[in-house]
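For the sequence shown, counting from 1, position 125 maps to 108 in our numbering; every step adds exactly one.
Heads up, the beta-carbon is just placed ideally off N, CA and C, and yes, glycines get one too.
One structure is given here, and the rest of the page talks about it.
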Amino acid sequence: MCEALSQLRYRVILLSAAKKYPFNYKKVFGKYYGVCSKNIRVVSYYSMLYKGVEIGIALRSLITFFIVCIKGDKPAAIISRNIYAALLLGVLFRQRIIYESHCPEYGFRKQLQRWLISSSKICTVVISEA
């Protein structure tokens, strides 16, 4: 999806978790996926802890969003697989979000998913195996 958007001349910021630091995403994208574009910038979140990585990525995405907006380059679209980032940016900050879900959530995350699906600012895309 990142490559398709970059070919349409959108600047893409991809946020990802890294298990080791530093991690060369450009090399991995080129080698394994054949993706090589100057329009794709990777911002990685590195944590030595296993728990809380999703919340860490959500906070990193919030910081990145504010930095980009301060620079005067507000995103045309935000696509998120991270339930916490989608909730923060979509529900609390009223940004248009495309939330990509792969399965129904359970417990506390189920309530968060309901808020996302019922929000008028969030478009939900469900991807599953047929």
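Compare the beta carbon distance of residue 47 and residue 26 with 8 Å and say whether it is the shorter of the two. In the sequence shown, residue 47 corresponds to position 64, counting from 1. In the sequence shown, residue 26 corresponds to position 43, counting from 1. Yes; because the gap between Cβ atoms is below 8 Å, this pair is in contact.
Look at the alpha carbon of residue -5 and the alpha carbon of residue 89, and state the distance between them as a whole number of angstroms. Against the sequence shown, residue -5 aligns to sequence position 12. Against the sequence shown, residue 89 aligns to sequence position 106. So the alpha carbons of these two residues sit roughly 31 Å apart.
Residue 43, buried or exposed, once every other Cβ within 10 Å from all chains shown has been counted against 16: Taking the sequence shown and counting its residues from 1, the one referred to as residue 43 is at position 60. The residue in question, residue 43, is buried, as its Cβ has 16 or more Cβ neighbours within 10 Å.
Considering only the beta carbon of each residue, do residue 45 and residue 71 sit closer than 8 Å? Here residue 45 refers to the residue found at position 62 when the sequence shown is read from its first residue. Here residue 71 refers to the residue found at position 88 when the sequence shown is read from its first residue. Yes. Within cutoff.
For residue -1, count neighbouring Cβ atoms within 10 angstroms of its own Cβ and tell me buried if that reaches 16, exposed if not. In the sequence shown, residue -1 corresponds to position 16, counting from 1. So residue -1 ends up on the exposed side.
Since residue 38 and residue 82 are thought to touch, with beta carbons under 8 Å apart, how far apart are those beta carbons, to the nearest angstrom? For the purposes of this step, residue 38 is taken as the residue at position 55 of the sequence shown. For the purposes of this step, residue 82 is taken as the residue at position 99 of the sequence shown. Incorrect: roughly 16 Å between the Cβ atoms, too far for contact.
At what residues does the beta strand (DSSP E) containing residue 26 begin and finish? For this step, residue 26 is matched to residue 43 along the sequence shown. Looking at the DSSP string, the run of the beta strand (DSSP E) that includes residue 26 is 23 to 29.
Using a 10 Å radius around the Cβ and a threshold of 16 neighbouring Cβ atoms, would you call residue 55 buried or exposed? For the purposes of this step, residue 55 is taken as residue 72 along the sequence shown, with counting starting at 1. The residue is exposed, with fewer than 16 neighbouring Cβ atoms inside 10 Å.
With which residues is residue 82 paired in a DSSP beta bridge? Walking along the sequence shown from the start, residue 82 turns up at place 99. BP columns for residue 82 point to 63, 107.
Within 10 Å of its beta-carbon, does residue 108 have 16 or more other beta-carbons around it, so buried, or fewer, so exposed? The residue given as residue 108 occupies position 125 in the sequence shown. The residue is exposed, with fewer than 16 neighbouring Cβ atoms inside 10 Å.
On the premise that residue 85 lies in contact with residue 110, defined as a C-beta separation below 8 Å, what is that separation, rounded to the nearest angstrom? The residue labelled residue 110 in the question sits at position 127 within the sequence shown. The residue labelled residue 85 in the question sits at position 102 within the sequence shown. About 6 Å; that satisfies the 8 Å criterion.
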